[in-house]
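In this text, residue positions in the sequence shown follow full-length UniProt numbering: the first is 1, and each later residue adds one.
Worksheet: one structure, shown below.
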Amino acid sequence: GDRFFGLFREERNFDAAEGACQALGGHLASIHSNSEENAINNYLKHNGNPNDVLIGGTDRASESNWQWSDGTSFDYQNWKAGEPNSQPGDGDAVMTVKSDRSGNRAWRDRSTDGVAAYLCA
Ligand SMILES: [Ca+2]
Ligand SMILES: [Ca+2]
């Protein structure tokens, strides 16, 4: 079903962003299909389209065992070539980044301490 997505451009780290989403009754966004990711990317394009946007993926509990902060199944992924590479930092959070000149997006792992705009759902 359709979910409400909200982009917040005040940059936060993973935990602060997840906390802010929870305060709104949600979580950092999980993504479960190509069509859902396309819908999110269209939403981002119409909302300023920052390069780096935190979503809810993390492998903090178990390295390389990716999970979504909302507890849903990690049943889809769209890593940029060469990612995840466990860097920068702990490499335990996921952000979606513009991956080519036409603005298509893919995922990178990055430090949970790094700040970025974030997407709640
Ligand atoms: Ca990691
Ligand atoms: Ca990385």
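In this text, a Cβ means the ideal position worked out from N, Cα and C, and glycines have one as well.
Of the other Cβ atoms in all chains shown, fewer than 16 fall within 10 Å of the Cβ of Phe4; this residue is therefore exposed. About 4 Å separates the CB atoms of Leu54 and Tyr118; that is less than 8 Å, so the two are in contact. When only Cα atoms are considered, Cys120 and Phe8 end up about 8 Å apart. Out of Glu11, Gly103, Asn85, the CA that lies nearest to the CA of Asn38 is found in Gly103. In the three-state DSSP reduction, Gln67 falls in the strand class (E or B). At least one heavy atom of ligand 2 lies less than 7 Å from the C-beta of Gly91. If you compare the alpha carbons of Glu36, Val115, Lys98 with that of Tyr76, the shortest gap goes to Glu36.
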